[in-house]
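In UniProt numbering, the protein residues as written are 1 to 295. Quick reminder that beta carbons are idealized off the backbone N, C-alpha and C, glycines included. Working notes, structure below.
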Amino acid sequence: MKINEICQKTGLTKKAVAYYQEKGLISPASQENGYREFTQEEAGRLGTIAFLRRLGLPVQEIALLLASPGDAGATKLVQARQEDRLALQKKQLELLNRYLDGESPEALERQLEFLEQKQTIRQKLLGAFPGYYGRYISIHFGRFLQSPIETPEQRDAYEQILTFLDGVEFPPLTPGCQALLEQAETQAGDRELAAQPQRMEETMADFDAFWEENQKPVLEYLQWKQSEEFQQSAMGEWMALFREFGKSSGYYDVFLPQMRRLSPAYEAYSRRLEEANQKLLEKLPPDLAKTLLEE
Numbered sequence: 001m002k003i004n005e006i007c008q009k010t011g012l013t014k015k016a017v018a019y020y021q022e023k024g025l026i027s028p029a030s031q032e033n034g035y036r037e038f039t040q041e042e043a044g045r046l047g048t049i050a051f052l053r054r055l056g057l058p059v060q061e062i063a064l065l066l067a068s069p070g071d072a073g074a075t076k077l078v079q080a081r082q083e084d085r086l087a088l089q090k091k092q093l094e095l096l097n098r099y100l101d102g103e104s105p106e107a108l109e110r111q112l113e114f115l116e117q118k119q120t121i122r123q124k125l126l127g128a129f130p131g132y133y134g135r136y137i138s139i140h141f142g143r144f145l146q147s148p149i150e151t152p153e154q155r156d157a158y159e160q161i162l163t164f165l166d167g168v169e170f171p172p173l174t175p176g177c178q179a180l181l182e183q184a185e186t187q188a189g190d191r192e193l194a195a196q197p198q199r200m201e202e203t204m205a206d207f208d209a210f211w212e213e214n215q216k217p218v219l220e221y222l223q224w225k226q227s228e229e230f231q232q233s234a235m236g237e238w239m240a241l242f243r244e245f246g247k248s249s250g251y252y253d254v255f256l257p258q259m260r261r262l263s264p265a266y267e268a269y270s271r272r273l274e275e276a277n278q279k280l281l282e283k284l285p286p287d288l289a290k291t292l293l294e295e
């Protein structure tokens with residue numbers, strides 16, 4: 001199948017087809033006369049690319065979907081990114097309507113800048129961490145990005161966060177970790193992910209009541225974490241992998257401290273979490289408390 005037929009069949013221009021070839025989405029054979037020969041499979045692939053582009057997906061995400069057909073992690077990641085973009089467009093439309101109703105660009109500029117900053121961090125979080133965990137962590141930290149940057153300190157923190165996220169590289173997943181995240185992808189939607197931080201907030205708000213109701217399962221869980229069975233489980237592998245990543249990548253030493261500088265809401269949350277952890281340590285037997293501190 002020649003390029004003219006491909007263009008007629010898919011509605012794409014020759015320039016677009018050449019671009020997708022350059023990006024590695026298709027690999028047509030080159031004939032001796034220099035013309036490209038496209039297979040039926042490549043024609044179908046280009047049709048899919050054209051369809052997804054019309055839906056607004058960027059080429060990078062189309063490549064991800066085509067490289068991982070049926071992969072729940074890739075699907076959820078693309079969905080989350082597209083939902084983020086649509087949410088930003090909705091907010092942009094609200095600001096546009098306010099401008100058309102008479103508000104000045106100067107009055108709306110800071111709000112627009114804030115929306116773009118929040119979007120940037122969420123998108124980078126989605127890309128920096130694998131699958132399900134990337135979605136969880138973007139939702140978790142995204143909820144603390146609710147106010148514009150006000151001070152030079154916050155601006156510096158924002159820039160350091162972007163530098164960290166641009167440079168961070170998550171280590172390869174073990175088969176057990178990969179299976180664990182794939183299972184989580186199929187079980188947890190964004191609504192469930194968003195509910196997890198809320199449950200943590202409720203625990204911190206009244207730790208004593210939480211402990212009275214959940215003391216037994218908490219102790220059983222912490223004891224299980226000390227066992228050889230846990231260490232060899234997929235969850236044990238994942239926690240060990242992330243713990244090592246956090247220490248070596250700057251997640252603990254750079255990202256989290258800069259989030260506290262950037263977001264007053266996250267700083268307050270972190271303080272409440274530290275207080276709850278201290279209360280938990282005071283409730284635990286010494287051996288379990290020692291294990292928790294070592295983490």
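Boundaries of the alpha helix (DSSP H) in which residue i is found, first to last residue
{"i": "MET235", "result": "234-249"}
{"i": "TYR221", "result": "207-225"}
{"i": "GLY127", "result": "105-128"}
{"i": "LYS90", "result": "72-100"}
{"i": "TYR158", "result": "152-167"}
{"i": "GLN8", "result": "3-10"}
{"i": "VAL59", "result": "59-67"}
{"i": "GLN21", "result": "14-22"}
Sequence-distant residues of its chain with Cβ nearer than 6 Å to residue i (five each side left out)
{"i": "LYS124", "result": "LEU165"}
{"i": "ALA128", "result": "LEU165, VAL168"}
{"i": "residue 300", "result": "Here the chain comprises residues numbered 1 to 295, so residue 300 is not present and cannot be evaluated."}
{"i": "ILE254", "result": "What sits at residue 254 in the sequence shown is Val, not Ile. So the list reads PHE164, once near-sequence residues are dropped."}
{"i": "SER249", "result": "VAL168"}
Residues near residue i by beta carbon distance below 8 Å, same chain, minus five either side
{"i": "ALA63", "result": "LYS23, GLY24, LEU25"}
{"i": "ALA162", "result": "For clarity, residue 162 is Leu in the given sequence; the question names Ala instead. The answer, listed in chain order, is THR120, ILE121, LYS124."}
{"i": "ARG53", "result": "VAL59, ILE62"}
{"i": "ALA240", "result": "GLN231"}
{"i": "PRO171", "result": "LEU241, GLU244, PHE245"}
{"i": "ASP156", "result": "ARG261"}
{"i": "PRO105", "result": "TYR99"}
{"i": "GLN92", "result": "LEU112, LEU115"}
{"i": "GLN160", "result": "VAL254, GLN258"}
DSSP beta-bridge partners of residue i
{"i": "GLU229", "result": "GLU229 pairs with nothing; no bridge assigned."}
{"i": "SER30", "result": "ARG36"}
Cβ-based neighbour list, residue i, same chain, cut-off 7 Å, excluding 5 preceding and 5 following
{"i": "ALA265", "result": "PHE144, GLN146"}
{"i": "GLU267", "result": "ARG260"}
{"i": "TYR35", "result": "LYS2"}
{"i": "TYR251", "result": "PHE245"}
{"i": "ASP84", "result": "GLN119, ARG122, GLN123"}
{"i": "ALA205", "result": "none"}
Please go through the stretch 257-292 and give each complete alpha helix (DSSP H) segment of 4 or more residues, from N-terminal end onward. Runs found: 264-283.
With three or more beta-carbon pairs closer than 8 Å as the criterion, would you say the stretch 148-158 touches the stretch 110-118? Touching, yes.
Evaluate the contact criterion for the stretch 28-43 versus the stretch 68-75: three or more CB pairs, one atom per stretch, below 8 Å. Because the criterion of three Cβ pairs below 8 Å is not met, the stretch 28-43 and the stretch 68-75 do not touch.
Does the pairing of the stretch 196-206 with the stretch 271-279 give three or more beta-carbon distances under 8 Å? Here the stretch 196-206 makes contact with the stretch 271-279; the two share three or more CB pairs at distances below 8 Å.
Mind the definition here: the stretch 208-226 touches the stretch 280-288 only if three or more C-beta pairs lie below 8 Å; say whether that holds. Short answer: they touch.
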